[in-house]
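This report refers to the structure that appears directly beneath it.
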Amino acid sequence: MKTSKIAIIGGGISGLVIAEQLRAKGYQEITLYEKHHTLGGKIHSIQYAGKSYELGTIFGLPSQERLKALMKRLGIKGDGPKLSRVNYSANGEKTIQLPKSLLSDFRVEMERLPEVLAEYTALNAPRIQYVEPPLMLPFSQWCDYHEFSVLKKVIIHYYTIFGLGELSLIPALFVLRVLNYDNLMTFMEMPDFVTWKSGAITLVQKLGQSVKDVRLGQAVTDLKQLENQQWQLTTAYESALYDQVIIAAPLDEVSHFACFDSALSKMLNQIKVESFNVYAICAENIPSGVGCLLDNLKPERRGHITLFDTRWEVTSKEALVIAYAYDAPDGNPQTTTRLVMEDLVALGVSSPRIYQMKRWRHSPHVDSDQLQNGFFQRIEALQGKNGLFLAGECLSALSLENCIRFSESLVSDFF
Ligand SMILES: Cc1cc2nc3c(=O)[nH]c(=O)nc-3n(C[C@H](O)[C@H](O)[C@H](O)COP(=O)(O)OP(=O)(O)OC[C@H]3O[C@@H](n4cnc5c(N)ncnc54)[C@H](O)[C@@H]3O)c2cc1C
């Protein structure tokens, strides 16, 4: 039994796994603060006509060992629908991902890839510390550096399509931590995605049960250390003292906390995100499956659908389709909605109307300059200092797998 009073800020997968791991180590006094009235963060399943749909996290991959181990601990099965992918051009015609003429070059590049990736320790570390300089380059430049001309064209179909950003801007570190060799191979073969019948929220519900003191609808507004070394945590409704605090909320959103000096606060403010919209749309004549609109991955096509997903076999006249789109270039949500609706109609869908939607601050990352300025070394130097810890998807570099791995490693190294 360990009596240290610990607060966790943020009830997404990162904060919840930290709570689970601390409890497993015997810590009893854990309080979890969540801004919204439900746990989950970017895990956000909804129900429609008795079936689950995902507005946030969609799937895991069979290559993701930490996710599989967590599901085993929680007694959760990957019992959801099978997802199958169809590629479309912008005018709604079926298309192929890669011209046949590039296939043999691609095979050669994929054979060379594992050896190249093995040079980079930052790709496999549970928590990023030292980043090898080439990984600081935007991914497209990293491909040029290693002469991966086809990989550069192909990876956009597994990265940009999910709202993670443009490969000419996002450092290779972030791209390759999400799409490591195993994940990329799983995607390219006929992938057996891990999905959940009642939605990814099943993970959250099970994890949430292990935390006794959950405070929902309680955005933490400030955090500071007192002279007696205790941490004073403030919400709009209460103020409480803790021995240790773990921040698992988006770090750019808490950069104003008094516990951060101005240099650190400025550094956290440099975290960039993608505005990515997920529309749940009721409509008729929806094509089944997961549709990838490859022409819409170009920057000038922002606002158009990158991906749509019916998730379940369409059996009724009207059904739900989930459509994904970056913000339109004018930043006006109504423009994005108009483009999304027009794209659906071009695909043969009729009578579309919005049922629900979410606009995410997706894919948090820092740019090449921030990596060169030692972003991750500075974060690591802070971990545990006076009982404060930082976690979450920006530090783990996104995905359920990476968040789980980061949270487990934080608890195992410091508690
Ligand atoms: C549309 C979409 C699809 C995705 N699909 C996949 C997928 O298929 N597979 C996959 O592996 N990953 C996917 N991801 C990524 C994955 O969902 C995230 O990387 C992961 O869920 C992030 O977890 P987190 O706990 O670090 O952050 P979050 O989920 O963002 O949780 C942070 C929590 O902190 C709370 N919070 C914020 N500020 C405060 C405050 N001041 N006080 C208290 N609480 C606060 C927030 O409300 C939130 O609940 C997807 C993400 C999105 C957006």
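Numbered according to this note's numbering, the sequence shown spans residues 444 to 858.
Note that the Cβ used here is the ideal one computed from N, Cα and C, for glycine as well.
Note that the structure is predicted; figures quoted are calculated from it, not measured.
Closer than 7 Å to some heavy atom of ligand 1: that does not describe the Cβ of F630. Here P542 carries a coil assignment [DSSP, helix/strand/coil]. DSSP, reduced to helix, strand and coil, places K649 within a helical segment of the structure shown. For L825, the uninterrupted alpha helix (DSSP H) segment begins and ends at F818 to L825. The three-state secondary structure of S682, taken from DSSP, is strand. For K596, the three-state secondary structure derived from DSSP is helix.
Short note on G734: C-beta not closer than 7 Å to any heavy atom of ligand 1.
Counting only the Cα atoms, M631 lies some 19 Å from E558.
Here the alpha carbons of A768 and W803 stand approximately 11 Å from one another. Rounded to whole angstroms, the gap between the alpha carbons of G535 and V733 is 13 Å. Its chain contains G483, G484, K485, I486, H487, S488, A643, V721, K801 and W803 as the residues whose beta carbon lies nearer than 8 Å to that of G499, once the 5 sequence neighbours on both sides are disregarded; these appear in chain order.
Listed in chain order, the alpha helix (DSSP H) runs fully inside the region 694-778 are 705-712, counting runs of at least 4 residues. Spatial neighbours of N530 in its own chain (CB-CB distance under 6 Å, excluding positions within 5 residues in sequence) are listed in chain order as T538, Q540, C735 and L737. Taking a contact to require three or more Cβ pairs closer than 8 Å, the region 773-793 and the region 695-715 do not qualify as touching. Scanning its chain for C-beta atoms nearer than 7 Å, with the 5 sequence neighbours on each side dropped, one finds around E552 the residues F591, V593 and L594, in chain order. Spanning the alpha carbons of S447 and V764 requires a straight line of approximately 47 Å. Pairwise C-beta distances place the region 450-459 out of contact with the region 600-609, as fewer than three of them are shorter than 8 Å. The closest heavy atom of ligand 1 lies less than 7 Å from the beta carbon of E844.
For S806, the closest alpha carbon among the candidates V716, A568 and A533 is that of V716. Judged by DSSP secondary structure, E851 falls within the alpha helix (DSSP H) whose first and last residues are L843 to F857.
Between the beta-carbon of D752 and that of W639 there is about 14 Å, and that puts the pair past the 8 Å contact cut. Distance from the CA of H808 to the CA of K741, rounded to the nearest whole angstrom, comes to 20 Å. Set against 7 Å, the gap from the CB of I486 to the closest heavy atom of ligand 1 is smaller. Contact check between the region 838-849 and the region 613-627: three or more CB pairs, one atom from each, fall below 8 Å, which counts as touching. Counting along the chain, the unbroken alpha helix (DSSP H) around T629 starts and ends at Y624 to M631. Contact between V657 and T677 fails: their C-beta atoms lie close to 18 Å from each other, not under 8 Å. Relative to the non-hydrogen atoms of ligand 1, the Cβ of K478 comes within a distance shorter than 7 Å of at least one. One thing to note: G817 has its Cβ no nearer than 8 Å to the Cβ of A692. For the 8 Å CB-CB criterion, S811 and P581 form a contact.
Boundaries for E836: no beta strand (DSSP E) harbours it, while the alpha helix (DSSP H) harbouring it runs E836 to S839, taken from the DSSP string. In this structure, F858 sits away from Q572, with a CB-CB distance that is not shorter than 8 Å. Apart from the 5 residues on each side of it in sequence, L814 sits with its Cβ closer than 7 Å to the Cβ of V574, M579, P614 and L616 in its chain, given in chain order. Put simply, of K478, L475, E508 and Q471 the residue whose alpha carbon is nearest the alpha carbon of N845 is E508. Take V757, set aside five residues on each side of it, and the residues of its chain with a beta-carbon closer than 7 Å to its own are I729 and S731, in chain order. Minimum Cα-Cα distance from G651 among the listed residues E696, Q464, V854 and S855 corresponds to Q464.
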